[in-house]
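Residue numbers (the working numbering), protein chains in the order written: chain A, 862 to 1360; chain B, 173 to 500.
Think of the CB as a built atom: it goes at the ideal place given N, C-alpha and C, for glycine as much as any other residue.
None of the values given here were measured: they were computed from a predicted structure.
Step one of this worksheet: look at the structure below.
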């Protein structure tokens, strides 16, 4: 099926999630939709699938314009979608999931469904027990179930939204084989991902999105650096910071053979020394292990082995609160989810952050601090503004204003995300002032220029593997892009899930 | 009293709770909690009795009870699904409101003799050994309750709309993607469940506890019905078993009272309630961490047997129970 999206626009409040996107998918191909988180990929696919309506724009299937009103209608027209979190029913059996919603008949023909399910599974080498409960299936198997279900319903175009985030390497291979088979059979496949190497190995064509716009289009064979550039964009080079490595005898932070893992990723035996006043940037596709390291350093995720030293003291396994008292601060990326309390004002936030002891809150003082923070960080708001009323950029500034003034180590996710160039410059000025006083900064960012300009050394993450620290002065955007894409990390893919 | 007669008595006394439990199971299966049961049973019992009395028509009485039950349920659906208000708060307020309303409006009809569902044995079948006197020497309401259990079970697990009903409570988003108008169907099932609760009320005042009085004497039954839904794991057959178990406990309490007159009269009627709660605790044991820790310390064989028993008893609610679904 030939799928065409023309000039799709979609706004959520002030965010222009899809800004005039045009996409053409040739029948019999696997089309990659590549972009960082928040680039607008999922929105676009939900529009194609009828889950949400576009503000404007056209959808054409085999050249005929259609209006998608619901996902059920999309399936009827031949467009099936696998959502990022499988939309199935864990409490029901595989067969019940398979037949749910399949026909208007009062009693579904389970015998026929069972036979069709078996036939479809054998076509793709899937092994699904019709009587097992979906809750006992792995995510990969649940995807397989969705694929055969949608095909059974007559889908000729299959959209997969980040299908590989939660599945094992073997299941991914199986999935890719199945997708190729589908394409060979004349079906169209749209593969949505932020993982470069997967798109490179799987897709015949790729369209790159960034900040709601199409930033590029490419066909096999790909150039990794070009794709990275399309994904991350490139601004005019800014003046780089002068490096002044403080070489004291003792590092501020020392990681000794630290192993830290979550349910899908593991960083093994990492050694790292961070000097006082040093800025370490962490590069890599989102979810390559940067967060694990940050969380290990601030006590949110105890390492499974190895030791962490802070200013000569062993702080391995200590709680976040202990480390916070020792001068470690963590600034998360989820502003309203993790960093701020949506319903509270700036003054209240500062009263919370600058706890002075005592039972009663010193409101006049908190209001003063809020006013100071507003001035210093150029927050556009009043001390009495609730933080959810602030724009994203101003929430970011508020987060920065809440950081304690005396710090040993500052850990940050996307320190300037959502800020314009000028504000970012201002914020980094304030941050680098801190480094003059000996505060070390470790931050992760998806902005390559920010990484190169602000860091002294850069760590590149790829599927849980970490490069040796690179001197930020000695590499350029192209080299960094290659590393982020996985070159130089040896064979194997990212996200080798264990289990 | 021999065991067959006893079983027949239990069955005869069970329709109100069966209707309420099955109704609430349907409502909660769709993801909505109708917490007003204790009040709506009273209000619908009163309504059914008064309508049956004034029209001298039992069927009209039942229908009136069902209509009122459905109306109360629709208030909850409207408050929750349309106004996005918390279901538990709405339900609780309605419980109190309906109870007081029942007593105020029903006051003129207190202790007035009225119509009653007649005993109608099914000829032929009633003469079957054992099951004849238990199942077929009853009245239409009891037959209806038995049919309802089987029908609900078949609808839920064998039909396409039944599967969708399960989906509504499990994952509304996935149900929507499969072509279901989530909120409309939730309205429908909340109303159907409420109507069945109303039928339960009618079965009280026209059959099991004929007439109306203040206090009526079934206060608290609605809460027990809610507990039985949990005990039943939101599955109609098991919920029905739970309802019969509760009525059995009540009947046993009655029998014991006459056997042991020295025990204060308050003890036995109260007994089924704590016993039911205890059973509920037993059923949910498997959800607690400390139980698993305790089991790990026991010898392997015993632990395995206990674990299997607990697992078989364990229930889990529909995943989206009590939540409001909004597309985006």
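Distance between residue 992 of chain A and residue 979 of chain A, taken at the CA atoms: about 12 Å. Counting of Cβ neighbours within 10 angstroms places residue 490 of chain B among the buried residues, the total reaching 16 or more. In this structure, residue 344 of chain B sits near residue 497 of chain B, with a CB-CB distance shorter than 9 Å.
According to the DSSP assignment, residue 1120 of chain A belongs to the beta strand (DSSP E) that extends over 1114-1122.
From the listed residues A:920, A:1035 and A:1146, the smallest Cα separation to residue 1345 of chain A is found for A:1146.
When CB distances to chain A are screened at a threshold of 8 Å, the residues of the segment 332-347 of chain B falling below it are 332, 333, 335, 336, 338, 339, 342, 343, 345, 346 and 347, in chain order. Taking a C-beta distance under 9 Å as the contact criterion, residue 1138 of chain A and residue 1298 of chain A qualify as a contact pair. Look at residue 999 of chain A: its C-beta is not under 9 Å from any C-beta on chain B.
Around residue 350 of chain B, the beta-carbon contacts reaching into chain A at under 9 Å are 932, 933, 936, 948, 961, 962 and 963. For residue 256 of chain B, no chain A residue has a C-beta closer than 9 Å to its own C-beta; the minimum C-beta separation is roughly 17 Å. Assignment of beta strand (DSSP E) within the segment 295-357 of chain B, counting only whole runs of 3 or more residues, yields no such run. A:1157 is the residue among A:1178, A:1173, A:1157 and A:1080 whose C-alpha sits nearest the C-alpha of residue 1191 of chain A. Taking a cut-off of 8 Å on C-beta distances, the segment 863-873 of chain A does not touch the segment 1052-1063 of chain A, as fewer than three cross pairs fall below it. Taking a C-beta distance under 9 Å as the contact criterion, residue 1021 of chain A and residue 1006 of chain A do not qualify as a contact pair.
In its chain, beyond the 5 residues on either side, 865 have a beta carbon closer than 6 Å to the beta carbon of residue 885 of chain A. Cβ contact annotation for residue 241 of chain B (same chain, cutoff 6 Å, sequence separation greater than five): 212, 216, 366, 367, 369 and 370, in chain order. Leaving aside the five residues that flank residue 325 of chain B on each side, the residues in its chain whose CB is nearer than 6 Å to its CB run, in chain order, 408 and 409. Residue 1213 of chain A has a beta carbon lying at 9 Å or more from every beta carbon in chain B. For residue 1215 of chain A, the secondary structure class from DSSP, reduced to helix, strand or coil, is coil. Put simply, the CB of residue 1232 of chain A is far from chain B, with every gap to its CB atoms at 9 Å or more. The alpha carbon of residue 1204 of chain A has as its nearest neighbour, out of A:1275, A:870, A:883 and A:1251, the alpha carbon of A:1251. For residue 372 of chain B, the three-state secondary structure derived from DSSP is helix. Neighbourhood of residue 201 of chain B in chain A, by CB distance below 9 Å: empty, with the nearest CB roughly 11 Å away.
For residue 885 of chain A, no alpha helix (DSSP H) run applies; the uninterrupted beta strand (DSSP E) run containing it begins and ends at 876-886, by DSSP. Shortest Cα-Cα distance from residue 457 of chain B to any of B:474, B:487, B:477 and B:448 involves B:487.
Taken through DSSP and simplified to helix, strand or coil, residue 872 of chain A comes out as strand. Within its own chain, the residues whose Cβ lies closer than 6 Å to the Cβ of residue 1093 of chain A, once the five positions on either side in sequence are excluded, are 1309, listed in chain order. Listed along the chain, the chain B residues whose CB falls inside 9 Å of the CB of residue 970 of chain A amount to none; the nearest CB is some 10 Å away. What residue 957 of chain A touches in chain B, judged by beta-carbon distance under 7 Å, is 335, going in chain order.
Taken through DSSP and simplified to helix, strand or coil, residue 255 of chain B comes out as coil. Counting the other Cβ atoms within 10 Å of the Cβ of residue 453 of chain B gives fewer than 16, which makes it exposed. Contact of residue 1163 of chain A with chain B is not assigned, every C-beta pair being separated by 9 Å or more. For residue 1301 of chain A, the enclosing beta strand (DSSP E) has its first and last residue at 1301-1305. Judged by beta-carbon spacing, residue 1168 of chain A lies within the 9 Å limit of residue 1177 of chain A, meaning their Cβ atoms are closer than that value.
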